[in-house]
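Residue numbers (this note's numbering): 29 to 359. From the three backbone atoms N, C-alpha and C, an ideal C-beta is built for every residue, glycine too.
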């Protein structure tokens, strides 16, 4: 290879590194932190920064399996409804006198079962996941309202509320943040370092080719939706513990934040591409943006509008960057 060719290749390599989506997210995260620090002198306080994470850890937990599902070229719009249904049923079981941890296990089982229904309808009946989960989005939320009505369940024991409100002893680190960190590492390793993760990417790239290659596509898709249901129920337990109460309208609108974070993190909405590091960065970016708007008392409806705009940008901008990178490479 000539010296000119080596220089050109080195430039293309560095160009690809600079165009990596994760670096853009890091830059945006730093920019938002600078803006928030200028809005409030208390933003950079260590305890405030850790406490900020309480507000979006439940969404972050759900985003982990959502990344797998979108990479496989599917989607799950029912995650918040599964959260509500499983948490409401857990609360009602607890209210009947069942031990809180046994009730929590039953809630996790209910969430997993709800995900199994989504998976079977998608993989076995061959219905589009968008249609299936749009229907169960209404169904599962409706079950929560039928079971609990306009009432609320309270009176959870301190050992349960510690799951959503507590700190690691002697530190300002919240328990939900530690739980998410452990899960993020686990999901990242599975996605990027295992055969199962490679199958997920392959299904998202070309499902038909995977079927002809002998990959158990149906079982993998069912498992992904079951995992999504389980993690949604787990997020519901954390959310109920943080609030100390459960209502049927819990987690309304979480779907938008979760899907936005996954797509903003660099996961291709059409499947086949994605990175768990980008998803984690996007989760913290959205969390910091919402926290900054809260510092200025921006209404929740406006915050939701901003997140919706982020979703549109997250879908369009990666496509533009890929085209730019392709042109530079061909040149």
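- Message: Taking 8 angstroms as the limit between beta carbons, can you name the residues of its chain near residue 136, skipping five residues before and five after?
- Response: 114, 258, 261, 262 and 265
- Best match in 252, 211 and 201 for proximity to residue 225 [C-alpha to C-alpha]: 252
- Mind checking whether residue 293 and residue 307 have CB atoms under 8 angstroms apart? yes
- Task: For residue 123, I'd like the list of residues in its chain whose CB is within less than 6 angstroms of its CB, leaving aside the five on either flank, ordered along the chain.
- Result: 181
- Query: With 16 other CB atoms within 10 Å as the buried threshold, where does residue 202 fall?
  - Reply: buried
- So what's residue 70 in DSSP terms, helix, strand or just coil? coil
- Item | Assumed close pair residue 53, residue 313 - CB separation to whole angstroms, cut-off 8 angstroms | 6 angstroms
- Task: Please specify which runs of the beta strand (DSSP E), each continuous and at least 3 residues long, are wholly inside the segment 200-242, giving them in chain order.
- Result: none
- Paired residues, beta bridge with residue 181 - DSSP: 274
- Task: Look at residue 195 and residue 110 and say whether their C-beta atoms are less than 8 angstroms apart.
- Result: no
- For the alpha helix (DSSP H) containing residue 188, list its first residue and its last residue. 186-193
- Query: Is the distance from the Cβ of residue 101 to the Cβ of residue 198 below 8 angstroms?
  - Reply: no
- Task: Return the CA-CA distance between residue 172 and residue 352, expressed in angstroms with no decimal places.
- Result: 47 angstroms
- Query: What's the C-alpha gap between residue 214 and residue 95?
  - Reply: 13 angstroms
- Message: Spatial neighbours of residue 324 within its chain, please: C-beta separation below 7 angstroms, excluding the five flanking residues on both sides.
- Response: 67
- Query: Does DSSP classify residue 310 as helix, strand or coil?
  - Reply: helix
- Can you tell me whether DSSP reads residue 79 as helix, strand or coil? helix
- What first and last residue would you give for the alpha helix (DSSP H) that runs through residue 160? 157-176
- Message: Can you confirm whether the segment 128-135 touches the segment 67-81 when touching is taken to mean that 3 or more C-beta pairs between the two stretches lie within less than 8 angstroms?
- Response: no
- Task: Verify whether the separation of the beta carbon atoms of residue 327 and residue 176 is less than 8 angstroms.
- Result: no
- Pick helix, strand or coil for residue 115, following the three-state DSSP scheme. helix
- Query: Sorted by chain position, which residues of the same chain lie with C-beta nearer than 7 angstroms to residue 189's C-beta, five sequence neighbours on each side aside?
  - Reply: 269 and 272
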